[in-house]
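Peer 1: Just so we're aligned: the sequence shown equals residues -19 to 201 in my numbering.
Below you will find the structure I want to go over with you.
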Amino acid sequence: MIRLLKITLAVFFVIALNTDAKAQLPPPPVPPEWQTHAEKTNYRETPNYEDTIAYCRKLAAASPLIRYTEFGRSGEGRPLPLVVAAAGEHFTPQAARRAGKVVVLIQANIHAGETDGKDAGLALLRDMVITKTRPGLLDRVTLLFIPIYNTDGHELRSPYNRINQNGPAEMGWRGNANNLNLNRDYLKADAPETRAWLRLWNEWNPDLFLDCHVTDGADFR
C-alpha cells in the first residue's frame, strides 16, 4: 500500500513538471549569472563536463536544498556526478525512507550526443531552488539527478558525431571510453559506469526512474 502511494506521488511529480511550465507563460527572466550554458547560447551549445560540474557545484553552494556528490568513476577516471535535491535534510536513502519521501532518479547523457536531459535538468534544478518558479516540487520528493552518465563519451566532443542531428554545435560520442553502449550494459555490467550505477540503484531503490535518453537524437532547438 505504501509503495503504491509513493508511485502515485511520483506520477504527480512528473505531472507537476509539465503543468508548472504551462502555468508560467511567459517565464520570468533568469538572472544572467544563473543562466545555463545552453540558455546563454540560445541552445546552440551544450556545456562540457567541467562546466556542467561547476554549475552543479554552484547550485549546491547557493542552496541548502542541493547537494553535489559522486557515485563512482568512469573508465578514464572521471567522477560520475550526482545531484541530490531535497527539503528537510533528506539527502540520504535512510533519511528519505524515514520521512516517507518519494525517490525520483533522473538520468541524462547515457548516450553523450543526447544532451537534452542534461540541459533541461540543470534548468529545472535552478528553477526549483534559485528562481523558485517551481515551488513545492520537493515537498514529498527527494530528487536524484545524474547530469552526465557517460562522462568519457561526453568529452569525445565533435561537430561530426551526429551529422544528421540539429545541434548542439558539438556533442559527445555514443559509447564510453571502450566504445561500450551503456544502454545495453545493465545486465552484464562490463563497464565501471554500470557497476557504479547499480550500486547507486541498490542503495536508493528509487520509486521512479526517468531516463532522458533520446531515440536517434533530437531536434535540439
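In this text, a Cβ means the ideal position worked out from N, Cα and C, and glycines have one as well.
All of these numbers come straight from a predicted model, not from anything done at the bench.
(1) In whole angstroms, give me the CA-to-CA distance for glutamate 173 and aspartate 99.
(2) Based on the DSSP secondary-structure assignment, which residues constitute the bridge partners of glutamate 50?
(3) Leaving out five residues on either side along the sequence, give the residues of the same chain with a beta carbon under 6 Å from the beta carbon of valine 83.
(4) By the three-class DSSP mapping on this structure, what secondary structure does valine 109 have?
(5) Would you give the residue range spanned by the alpha helix (DSSP H) that aspartate 132 belongs to?
(6) State the beta-bridge partners of cysteine 36 as determined by DSSP.
(7) Report all residues from its chain with a CB closer than 8 Å to the CB of glycine 57; omit the five preceding and five following residues, and keep chain order.
(8) Which one of Ser138, Leu105, Phe125 and Glu94 has the shortest CA to CA distance from leucine 60?
(9) Count the other C-beta atoms from every protein chain shown that fall within 10 angstroms of the C-beta of isoleucine 143, then say buried if there are 16 or more, exposed otherwise.
(10) By Cβ distance, which residues of its chain are closer than 7 Å to threonine 131, with the 5 residues on each side in sequence left out?
(11) Return helix, strand or coil for threonine 122, following the three-state DSSP convention.
(12) Leucine 62: which of Asn161, Leu105 and Asn158 sits nearest, CA to CA?
(13) Contact check, glycine 156 vs glycine 133 under 8 Å by CB: the rounded distance?
(14) Can you check which of these residues, Trp177, Asp119, Arg179 and Ala88, is closest to glycine 152 by C-alpha distance?
(15) Rounded to a whole number of angstroms, what is the C-alpha to C-alpha distance between histidine 17 and tryptophan 181?
(16) Roughly how many angstroms lie between the CA atoms of alanine 40 and threonine 49, to the nearest whole one?
(17) How about threonine 113 and aspartate 107: do their beta carbons lie closer than 8 Å?
(18) Which term fits glycine 97, buried or exposed, when burial requires 16 or more other beta carbons within 10 angstroms of its beta carbon?
(19) Would you call alanine 34 buried or exposed, if buried means 16 or more other Cβ atoms sit within 10 Å of its Cβ?
(20) With DSSP collapsed to three states, give me the class of leucine -16.
(21) Should cysteine 192 go down as buried or exposed, given a rule of 16 or more other Cβ atoms within 10 Å for buried?
(22) Compare the C-alpha of histidine 91 against each of Asp170, Pro127 and Thr21 and name the closest.
(23) In its own chain, which residues sit with a C-beta less than 6 Å from the C-beta of valine 109, not counting the 5 before and 5 after it?
Peer 2: Once the coordinates are examined:
(1) 21 Å
(2) Pro61
(3) Ala76, Thr122, Trp184, Pro186 and Asp187
(4) Residue state, collapsed to three classes: helix.
(5) Where aspartate 132 is concerned, the enclosing alpha helix (DSSP H) starts and stops at 131 to 134.
(6) Partner(s): none; cysteine 36 has no beta bridge.
(7) Answer for glycine 57: no residue qualifies.
(8) Phe125
(9) exposed
(10) Tyr29, Ser54, Arg58 and Leu60
(11) strand
(12) Leu105
(13) Before going further, note that residue 156 is asparagine rather than glycine in the sequence given. About 5 Å separates the two Cβ atoms, so the contact holds.
(14) Ala88
(15) The alpha-carbon atoms of histidine 17 and tryptophan 181 are separated by roughly 29 Å.
(16) 10 Å
(17) yes
(18) buried
(19) Here alanine 34 is exposed: its Cβ has fewer than 16 other Cβ atoms, across all protein chains shown, within 10 Å.
(20) Low confidence applies to leucine -16: its pLDDT is 48, below 50, so where it sits in the model is not reliable enough to give any reading.
(21) buried
(22) Pro127
(23) Ser43, Leu45 and Ile46
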